[in-house]
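**Q**
2 protein chains.
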Amino acid sequence: MEKVDLLIIGGSAGGIVTGQTARRQYKDASIAVIRKEKEGQVLVPCGLPYIFGTVGSPEKNIMPDKLLSGSNIDLIIDEVTSIDKQAKTVATASGKSIGYDRLVLATGADPIIIPIPGRDLENVFCAIKDVDYLNGLLRAVAAIKDVIIIGGGFIGLEFGDEFRKRGLNVTIVEMLPHCLELVFDEGFCTLAESQLTERGVSIKTGAKVEAILGEKKVTGVRLAGGEELKADLVFMCIGVRPNTQLAQDAGLEIGETKAVWVDEYGRTSNRDIFAVGDCAEKRSFFSKRPSALKLASIAAQEGRIVGANLLELRRRNEGVVGAFATIIGDSGVGMAGLTETQAKAAGFDVVTSDVKTPDKHPGSMPGAKEFGVKLVFEKATHELLGGQVCGGLTVGEVANVLAALIQSRMTASEVATFQYGTHPFFTPSPLVYPIVNAAELALAKL
Amino acid sequence: MEKVDLLIIGGSAGGIVTGQTARRQYKDASIAVIRKEKEGQVLVPCGLPYIFGTVGSPEKNIMPDKLLSGSNIDLIIDEVTSIDKQAKTVATASGKSIGYDRLVLATGADPIIIPIPGRDLENVFCAIKDVDYLNGLLRAVAAIKDVIIIGGGFIGLEFGDEFRKRGLNVTIVEMLPHCLELVFDEGFCTLAESQLTERGVSIKTGAKVEAILGEKKVTGVRLAGGEELKADLVFMCIGVRPNTQLAQDAGLEIGETKAVWVDEYGRTSNRDIFAVGDCAEKRSFFSKRPSALKLASIAAQEGRIVGANLLELRRRNEGVVGAFATIIGDSGVGMAGLTETQAKAAGFDVVTSDVKTPDKHPGSMPGAKEFGVKLVFEKATHELLGGQVCGGLTVGEVANVLAALIQSRMTASEVATFQYGTHPFFTPSPLVYPIVNAAELALAKL
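Following this line, the structure appears as structure tokens:
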């Protein structure tokens with residue numbers, strides 16, 4: 103029987119970084135990643151939408167296998183079919199049994215297919231991380247005009263914007279009153295919606311798709327209420343479901359968010375089995391309650407924690423902060439931590455503040471865009487709980503500035519005197535650096 | 103006699119933000135700024151170079167006076183000629199005497215003119231923050247071909263790049279072995295130099311200008327060693343000198359860096375007189391020793407501290423971290439905290455690490471640039487002392503991410519598990535987010 107010290111099931115962000123970190127921490131251990139995808143077929147998860155307008159093909163959106171070989175990690179192309187906790191072995195589809203000292207589940211999550219009539223029609227797609235499947239979608243979008251996207255979250259907006267870049271007629275259908283409603287407060291949602299609308303994307307919010315229409319191929323959708331919309335293709339992206347079948351079959355505990363329960367070191371209910379990434383349950387940095395956040399950056403960060411803990415507990419997970427950003431055209435929105443809505447829902451009494459200023463200085467600099475920041479502070483402790491930002495191409499790193507301030511638990515007064523740098527081309531003016539300015543405004547209300 | 107509660111001498115970044123902060127903190131106080139510049143004539147300090155290639159005129163690079171009026175701060179256009187500490191009054195050039203309860207010196211710094219022959223010739227300029235003077239420089243550069251810039255710091259490189267955008271032949275002459283040597287480690291200096299050279303700017307390092315040549319107008323410069331370089335215009339930018347005449351005349355203590363000595367609350371040796379910005383001495387966040395750093399962002403941050411302290415001590419200055427960035431063409435370099443050289447010079451035993459990765463992901467994204475990070479950690483405490491970064495337009499905010507991690511005194515292990523967000527258009531890949539990755543590499547050496 104084959105045996106490896108550290109066996110990782112799954113070869114995307116969480117699995118790769120777990121392996122790389124384990125290699126840095128445990129020089130002499132044998133480490134293997136076992137995954138279904140063939141050589142050179144693991145897709146960059148966040149790059150999926152950009153295949154369709156910007157990058158051009160799935161093959162240009164691949165994570166190289168040298169990420170593994172470069173860290174002396176063996177790659178086994180196979181599928182794990184079961185785990186024997188007692189024997190500390192896994193069985194595979196090809197009939198092998200592989201022993202492990204420590205096992206890591208990095209099995210990810212799969213798109214949720216809404217159980218509505220027509221979901222099996224030709225030209226119904228979702229964000230499946232598979233090269234052949236995405237090439238199929240690429241061929242399909244090359245032959246059509248009208249796309250309906252079901253779900254107005256990040257993925258829906260990103261696919262919508264990219265499909266639009268190809269000249270398709272795009273309609274996003276979202277059940278909630280606003281797109282991005284689960285991740286931004288209303289002002290930022292309406293801003294993103296208006297940017298999409300300006301780019302020619304249609305948005306129908308507060309609308310539920312009841313059926314996908316067509317005989318063999320998609321011809322449209324029917325909304326609750328009866329309205330029918332014409333479509334040649336439907337793209338479904340209402341969320342993902344953690345892949346926990348292996349864990350469940352092995353009797354591992356499943357958490358409140360339907361992901362594999364883990365402790366703060368990333369251990370499942372079995373001490374020798376860890377879990378990272380979309381398949382693993384997360385806890386909020388703020389409330390310590392289970393969190394449904396799923397991001398490649400979180401998977402990578404969990405990989406850095408779990409990879410260090412496999413043979414000895416060396417790093418603790420303080421819970422997910424959440425930091426992300428997206429682009430619409432050449433405008434960006436980003437956030438870190440809790441929105442006002444989320445903070446209140448978690449039971450925090452909060453104070454918020456908003457500022458707007460040009461994102462370059464002086465405002466007469468060519469290409470200057472309006473830059474907006476909203477901060478959320480906890481009333482009791484004055485600590486920064488979250489920030490939202492809109493502007494241009496810097497919003498991703500501005501979200502990371504916010505993430506750093508949040509993780510160090512800075513108070514409004516500390517944020518107000520935070521030392522930042524500025525430059526005419528890169529940032530707003532030093533006089534009104536918006537994160538600091540918003541903290542000053544919040545202080546006046548605290 | 104006129105009397106104001108809080109009187110601020112100087113109307114640039116430090117003075118304005120001190121006033122605005124004081125207004126937020128002390129609603130009922132009377133506040134005035136007294137300055138020499140007429141209405142609508144205060145220049146955005148960091149915008150000076152960009153007048154010449156990007157923005158087009160000094161008039162487009164003005165800080166609006168509504169920054170004062172909007173905070174109910176009176177503007178007095180006059181020049182303070184002396185301070186009477188006992189009487190708590192200032193005398194002005196127009197013959198007025200103005201009483202104060204608290205006085206703030208925000209008198210800034212002026213460019214150093216090198217005392218070499220030819221310094222008074224026509225077409226010798228430096229970075230003087232005066233609209234008429236800069237319009238004179240604008241007219242002068244419109245009529246010439248060959249410019250020599252003396253001093254290869256930030257300002258010299260920025261003016262050089264902007265002059266080059268106008269099609270001028272630009273040569274930068276720097277005494278030290280490299281441009282930017284006082285603010286970056288060597289690899290980043292040589293990168294910036296090669297970017298400038300690619301854009302057609304000539305650089306002569308290790309070279310000292312001994313004389314400016316010409317009868318009435320500049321015709322060239324002579325270097326130590328005898329070499330002569332042709333020039334129609336010389337731009338001198340070797341540094342600035344704090345404006346401390348008023349303070350010295352009033353008997354206030356002057357610090358080691360020739361700036362006005364202040365305590366950690368921004369008070370000078372007289373309890374009723376404060377100082378902020380380029381005229382005020384700074385202490386390093388790291389070593390607590392006097393620091394010669396001078397930046398508009400630091401002036402603004404000191405304004406936020408001092409403005410709060412005027413009537414009651416509310417905020418303490420922990421010392422300057424230093425965070426800044428600049429652009430060459432469409433490439434950026436930035437930094438926060440100490441370079442390796444600076445850290446060693448300050449007595450720290452350090453470990454460093456370098457990483458390079460595309461600044462978007464996948465690397466096939468259009469417009470992806472190489473993004474490099476170097477981190478410096480203290481061996482004893484594992485704390486992050488500094489970071490340098492090169493890449494595209496996001497480096498300014500990446501420097502701010504580093505500044506936040508430094509200010510919260512994160513250790514290498516904490517930086518390695520820092521929660522960041524990523525996006526294909528905005529950041530490197532989540533798998534290799536370079537700040538985190540560099541921390542992991544440093545940890546292996548700690």
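Protein sequence lines, in the order shown, are assigned to chains A and B.
Going by my numbering, the first residue of the first sequence is number 103, and it counts up by one from there.
Going by my numbering, the first residue of the second sequence is number 103, and it counts up by one from there.
Beta carbons are placed, not taken as given, at the ideal position from N, Cα and C, and that holds for glycine.
(1) So within the region 186–269 of chain B, which uninterrupted beta strand (DSSP E) runs reach at least 3 residues, ignoring any that extend past its ends?
(2) Is the region 114–125 of chain B in contact with the region 524–538 of chain A, if contact means three or more CB pairs nearer than 8 Å?
(3) Using beta carbons (cut-off 7 Å, strictly below), is Pro217(A) in contact with chain B?
(4) Here's the rule: buried if 16 or more other CB atoms are within 10 angstroms of the residue's CB, otherwise exposed. What is Pro147(A)?
(5) How about Asn419(B) and Glu383(B): do their beta carbons lie closer than 7 Å?
(6) Enumerated in chain order, which unbroken segments of the alpha helix (DSSP H) with a length of 4 residues or greater are wholly contained in the region 259–347 of chain B?
(7) Between the region 481–512 of chain A and chain B, which residues of the former have a C-beta closer than 9 Å to a C-beta of the latter?
(8) Give every residue of the same chain whose Cβ lies closer than 8 Å to the Cβ of Tyr152(A), excluding the five residues on either side of it in the sequence, and list them in chain order.
(9) Classify Met165(A): buried if its beta carbon has 16 or more other beta carbons within 10 angstroms, exposed otherwise.
(10) Cutting at 6 Å between CB atoms, please list the residues of its own chain near Leu108(A), excluding the five before and the five after it.
(11) Does Lys162(B) come within less than 7 Å of chain A when only Cβ atoms are used?
(12) In this structure, how does DSSP classify Val500(B) when only helix, strand and coil are distinguished?
(13) Residues of chain A with CB closer than 8 Å to the CB of Arg391(B), please, in chain order.
(14) What does His280(A) touch in chain B if you count any residue whose Cβ is under 7 Å from its own?
(15) Could you give the residue range of the beta strand (DSSP E) that holds Arg137(A)?
(16) Output yes if chain A places a C-beta closer than 7 Å to the C-beta of Pro530(B); else output no.
(17) Taking Cβ to Cβ, would you say Ala540(B) is nearer than 7 Å to Leu487(B)?
(18) DSSP three-state call for Leu486(A): helix, strand or coil?
(19) Less than 7 Å between the beta carbons of Ser386(B) and Gly421(B), yes or no?
(20) Across which residues does DSSP place Leu109(A) in a beta bridge pair?
(21) Taking 7 Å as the threshold (beta carbon to beta carbon), is Cys148(B) in contact with chain A?
(22) Please list, in chain order, the residues of the region 405–420 of chain A that have any C-beta partner in chain B closer than 7 Å.
(23) Would you kindly work out how many angstroms separate the C-alpha atoms of Val435(A) and Cys492(B), rounded to a whole number?
(24) Would you mind reading off the limits of the beta strand (DSSP E) that contains Ile178(A)?
(25) At what residues does the beta strand (DSSP E) containing Glu472(B) begin and finish?
(26) Grouping DSSP H, G and I as helix and E and B as strand, with all else coil, what is Ala352(A)?
(27) Counting pairs of beta carbons, one from the region 202–217 of chain A and one from the region 336–350 of chain A, are three or more of them closer than 8 Å?
(28) Does the beta carbon of Ala425(B) sit closer than 7 Å to a beta carbon anywhere in chain A?
(29) Could you tell me which chain A residues have their CB closer than 7 Å to the CB of Ile118(B), listed as they occur along the chain?
(30) Taking only beta-carbon positions, decide if Val378(B) is within less than 7 Å of chain A.
(31) What is the C-beta distance between Ile400(B) and His525(A), in whole angstroms, given that I count them as a contact (C-beta under 8 Å)?
(32) Using CA atoms only, rank isn't needed, just tell me which of Lys319(A), Leu315(A), Ile340(A), Cys339(A) is closest to Glu330(A).
(33) Which residues bound the beta strand (DSSP E) around Thr459(A)?
(34) Can you grab the Cα-Cα spacing for the pair Ala438(A) / Val378(B), in whole Å?
(35) Below 8 Å CB to CB, which residues in the same chain sit around Ala313(B) once its five sequence neighbours on both sides are set aside?
(36) So that I know if they touch, is there some Cβ in chain B lying closer than 7 Å to that of Gln521(A)?
**A** On the basis of the supplied data:
(1) 191–194, 199–207, 211–213, 226–228, 248–252
(2) yes
(3) no
(4) buried
(5) no
(6) 288–300
(7) Gly494, Leu495, Thr496, Val497, Gly498, Glu499, Val500, Ala501, Asn502, Val503, Leu504, Ala505, Ala506, Leu507, Ile508, Gln509, Ser510, Arg511, Met512
(8) Asn163, Glu260, Glu264
(9) buried
(10) Ala124, Ala131, Ile133, Arg204, Leu412
(11) yes
(12) helix
(13) Chain A residues near Arg391(B): none, gap ~17 Å exceeds 8 Å.
(14) Residues of chain B passing the Cβ test: none, with the nearest at roughly 20 Å.
(15) 133–137
(16) no
(17) no
(18) strand
(19) yes
(20) Ala134(A), Leu205(A)
(21) yes
(22) Arg406, Ile407, Arg417
(23) 23 Å
(24) 176–179
(25) 472–480
(26) coil
(27) yes
(28) yes
(29) Leu533
(30) no
(31) In fact, because the Cβ distance is near 14 Å, the residues do not count as touching under 8 Å.
(32) Leu315(A)
(33) 452–460
(34) 32 Å
(35) Ile218, Pro219, Gly220, Val323, Arg324
(36) yes
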